Amino acid sequence: MEPNDKEHPGGAMKEKGRPLGGKRFLFWVPALLFSFACAKPLTDIAPDFKSLRPTRVAVLPVKNETADPDAPIVFRILARAELADRGYALVETPLIDAALREKGIEEAGQIESLTPQEVGECVGADGLLYVTVLGYGRQVGVHLKMEGSFTLVEAKTGQKLWFSELSVSDDIVLEGGAAVLMGELFGGKDKKKSKQQALEMYMAMRKARIAAAVNRFRAHPIRREVFQTITLDMDKIYLLDIFFNRNFSKLPRA
């Protein structure tokens with residue numbers, strides 16, 4: 024220990040004349056911002072899920088409550104990817120859509136006219152995933168939002184096995200501004216330098232997280248389908264990665 028240092032409760036160190044943490048605290052500023060922005064989904068799991076766990080799941084056409092025609096396409100692809108990652112066998116999308124068309128179902132909203140038993144028998148699945156998109160894409164300027172719900176139903180009985188709903192948002196201006204403010208409040212004596220360091224660290228961490236999300240999409244046999252279907256910006260992929268990971272995190276594995 025240096026002569027000008029003294030111990031603080033919890034083992035933290037403070038160098039005389041410098042704020043607690045210094046550059047080390049600035050390093051954690053972006054991480055704290057990211058953690059604060061991560062909402063938890065509203066989740067419900069049936070007590071007897073294990074005994075009713077489906078062996079073959081059909082991800083049904085997605086109900087779209089937004090004005091973006093790409094939203095249901097993306098949500099359906101990524102919902103399939105999450106189920107596959109958890110070991111669930113899936114009915115292929117073209118087979119589902121063809122079977123529903125034979126029943127006169129052309130749009131997601133029409134599925135409600137059939138009982139889960141009828142849908143399950145029609146598509147050849149004992150598990151049905153109903154998906155609704157409530158928010159997708161840019162709301163105001165650079166503000167991004169993803170919101171939706173997922174309901175897994177046992178086809179034979181119509182019982183709800185699992186439900187998850189979540190809304191997440193991403194605002195680079197707001198988060199960047201918060202990083203600058205925290206840099207000013209908790210950085211060193213040179214406030215201008217501390218603010219710049221905090222902002223640079225936030226941007227570097229954001230860039231790394233976006234790159235990791237894009238790589239996960241490209242490497243996955245199902246997620247990569249979004250690139251073949253539509254053009255997505257990198258920020259949107261980053262938020263979709265967070266949104267789907269958090270929504271399906273509590274779904275038991277097959």
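Residue numbers (this note's numbering): 24 to 277.
Positions of the beta carbon are idealized from the N, C-alpha and C atoms, including for glycine.
Computed from a prediction, not measured in an experiment: that's the story for all the values here.
First and last residue of the beta strand (DSSP E) that includes residue i?
i    : result
R161 : G150 to R161
E170 : L167 to E177
V142 : Counting along the chain, V142 falls outside any beta strand (DSSP E), though it belongs to the alpha helix (DSSP H) covering P139 to V146.
Cβ-heavy atom distance between residue i and the ligand ATP below 6 Å?
i    : result
I253 : The model on display carries no ligand, and the ligand ATP is accordingly not part of it.
With DSSP collapsed to three states, give me the class of residue i.
i    : result
A69  : coil
G34  : In this prediction, G34 scores a pLDDT of 43, lower than 50, which makes its location untrustworthy; the coordinate-derived value is nonetheless stated afterwards. DSSP places G34 in helix when its eight states are reduced to three.
K86  : strand
L75  : helix
L113 : strand
K216 : helix
E223 : helix
E130 : coil
R229 : helix
R241 : helix
A236 : helix
At what residues does the alpha helix (DSSP H) containing residue i begin and finish?
i    : result
D264 : M257 to N270
L184 : Here L184 belongs to no alpha helix (DSSP H); instead the beta strand (DSSP E) covers K183 to D193.
A81  : From DSSP, A81 is part of no alpha helix (DSSP H) but of the beta strand (DSSP E) over R79 to V82.
A102 : A94 to D108
P117 : T116 to E125
E248 : E248 to T252
Using CA coordinates, which residue listed in the options is at the minimum distance from residue i?
i    : options                : result
T316 : S136, L152 and F267    : Residue 316 falls outside the range modelled here, since the chain spans only 24 to 277, and no answer is possible.
G158 : L263, E170 and G150    : E170
H166 : L262, K273 and L274    : L262
V176 : K63, A277 and R76      : R76
D193 : K259, K86 and R109     : K259
F240 : T78, I100, A90 and K86 : I100
S74  : P139, D149 and L118    : D149
R229 : E248, H243 and M257    : M257
P275 : A121, E88 and G110     : G110
L189 : R161, I134 and F271    : F271
A121 : D71, V146 and P92      : V146
The region 110–119 contacting the region 79–92, beta-carbon criterion three pairs below 8 Å
These segments touch.
Does the region 98–107 come close enough to the region 179–191 that 3 or more CB-CB pairs lie under 8 Å?
The region 179–191 is not in contact with the region 98–107.
Evaluate the contact criterion for the region 89–101 versus the region 240–260: three or more CB pairs, one atom per stretch, below 8 Å.
With a cut-off of 8 Å, the region 240–260 and the region 89–101 count as touching, because enough Cβ pairs lie within range.
With a threshold of 8 Å, are at least 3 pairs of Cβ atoms found where one atom belongs to the region 64–76 and the other to the region 185–193?
In this structure the region 64–76 lies against the region 185–193, because at least three pairs of beta carbons, one per stretch, are closer than 8 Å.
Across the region 117–127 and the region 220–239, are there enough close Cβ pairs to call them in contact, namely three or more that are closer than 8 Å?
By the C-beta criterion, the region 117–127 is judged not to be in contact with the region 220–239, since fewer than 3 inter-stretch pairs fall below 8 Å.
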